[in-house]
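Residue numbering for the sequence shown follows my numbering, starting at 1 and increasing by one per position. A virtual CB, placed ideally from N, CA and C, is assigned to each residue, including glycine. Since we're looking at a predicted model, the values are computed, not measured.
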Amino acid sequence: MDSKNIDIQELKKTYKINESLQKLDDDLIGLQSVKKRITEITAILFMDKIRQDFGLSKYYPGLHMSFTGSPGTGKSTVASRMAELLQNLGYLSRGQLVVVSRDDLVAQFVGQTAPKTKDVLEKAMGGVLLIDEAYYLYKPNNEKDYGGEAIEMILQVMENNRTDIVLIFAGYSEPMKLFYRSNPGLSSRVAHHIDFPDYSREELLTIAKLLFEERQYQMSFYAEEVFIKYLDLRRQLPLFANARSIKNIVNRACFRLASRVMGQTNLFTYKSLINITPYDLILSSLFLKGLKTIPMTKQGYKDENVVFASFDMNKKSDEITRDPKTFTLFVWKNFE
């Protein structure tokens with residue numbers, strides 16, 4: 001038995017373990033269960049490297065993965081960090097991330113799917129290939145569909161090139177379960193199944209604040225109240241995409257600020273350039289579907305369904321007057 005000692009901390013620096021995990025933590029708000037799984041996988045791979053340094057048998061642990069969850073929950077970001085980790089540890093030669101969907105792999109006519117799939121696999125060789133909404137590859141009710149051909153090619157690569165490419169299949173949880181049941185060979189080759197939970201309201205608010213901060217904007221106190229109400233409503237609607245939707249909301253608020261300032265003043269101030277007001281959020285079509293205005297004082301605020309704002313939509317912009325003790329309230333009317 002080799003009696004040599006290996007400095008773990010030095011090896012971590014060599015393989016940039018802490019650096020990569022810290023980047024993952026910095027990139028993503030919340031998602032503690034996901035970060036824990038990535039840390040555990042990293043520990044297994046790191047231990048394998050140490051064992052090799054002690055002259056123990058070389059073992060290639062399963063690296064193919066499944067990421068399940070709603071859109072906008074950080075799957076692509078985690079895949080990118082995973083590619084970086086695997087390259088640093090020597091499991092991948094290049095460490096690039098290639099993200100594709102069905103349309104990038106499957107053609108509509110006979111003889112065209114194999115070249116498309118082969119081209120994608122060659123681009124991803126030495127790195128990570130993330131197939132988004134992977135369940136669309138399999139269409140059992142369509143005899144003329146060529147998705148099965150792409151899956152067979154992917155299976156061959158997963159088996160024959162295990163040390164030079166990592167496949168990550170991503171999509172909603174339930175459809176992904178059906179996808180794996182449809183092809184036991186595929187399921188048996190996926191070693192790590194990681195579920196990405198939806199963000200909580202507090203996490204989404206934190207993401208919004210960080211996005212505004214990155215763009216050097218900030219929400220006023222009342223704007224934050226309006227944003228929370230908007231968030232509660234938006235999350236109930238179809239196609240909400242977590243952090244992706246928050247990014248869109250932030251972008252639109254910044255556009256409205258620019259339009260408002262350009263239309264209401266000839267003099268720019270520092271505050272006017274950075275302050276997101278309730279006006280910049282309430283003009284969303286989601287709010288305009290069911291809002292009415294009623295004047296009240298701050299002391300009269302009791303209804304939890306009421307949010308403060310600093311203007312009256314029934315007045316023109318040049319007629320707006322601001323009394324520091326009086327606010328206009330917007331009451332959300334439930335609608336089916």
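Proximity to residue i [Cα-Cα], best of the options
| i | options | result |
| --- | --- | --- |
| E213 | N251, E19 and M47 | N251 |
| P238 | Q9, L286 and K144 | L286 |
| L204 | L121, A223 and R244 | R244 |
| R234 | E224, A223 and I246 | I246 |
| D53 | V120, L85, L89 and Q22 | L89 |
| T117 | T206, E149 and L210 | E149 |
| G111 | G55, E122, D145 and I131 | D145 |
| S200 | F255, G72 and T163 | G72 |
| Y230 | L273, N5, P278 and S259 | P278 |
| F179 | R162, Y136 and I154 | Y136 |
| K338 | N183, Q216 and S259 | Nothing can be reported for residue 338: it is not among the residues displayed for the chain, which extend from 1 to 336. |
Reduced DSSP category for residue i - H, G, I as helix; E, B as strand; rest coil
| i | result |
| --- | --- |
| T42 | helix |
| D7 | coil |
| G147 | helix |
| T277 | coil |
| S285 | helix |
| V34 | helix |
| F54 | coil |
| T14 | helix |
| Y135 | helix |
| I29 | coil |
| A208 | helix |
| L24 | helix |
Which residues DSSP lists as bridging residue i, in chain order
| i | result |
| --- | --- |
| G69 | F196 |
| L129 | V98 and L167 |
Rounded distance between the beta-carbons of residue j and residue i, thought under 8 Å
| i | j | result |
| --- | --- | --- |
| R81 | Q87 | Incorrect: roughly 11 Å between the Cβ atoms, too far for contact. |
| S66 | V190 | 5 Å |
| V78 | L24 | 7 Å |
| S173 | T68 | 4 Å |
Short CB-CB distance (under 9 Å) between residue i and chain D
| i | result |
| --- | --- |
| G171 | The structure shown contains no chain D, having only a single protein chain. |
>> List, from N- to C-terminal side, the alpha helix (DSSP H) runs of 4 residues or more that fit wholly inside the segment 150-187.
In response: Taking 4 residues as the shortest admissible run, the segment 150-187 contains the following complete alpha helix (DSSP H) segments, listed from N- to C-terminal end: 173-182.
>> Threshold first: 3 residues or longer. Then list the beta strand (DSSP E) segments lying entirely within the segment 79-123, N to C.
In response: Runs found: 97-100.
> What residue ranges within the segment 214-275 form continuous alpha helix (DSSP H) runs of no fewer than 4 residues, ordered along the chain?
Replying inline: Correct list: 221-234, 243-264 and 270-274.
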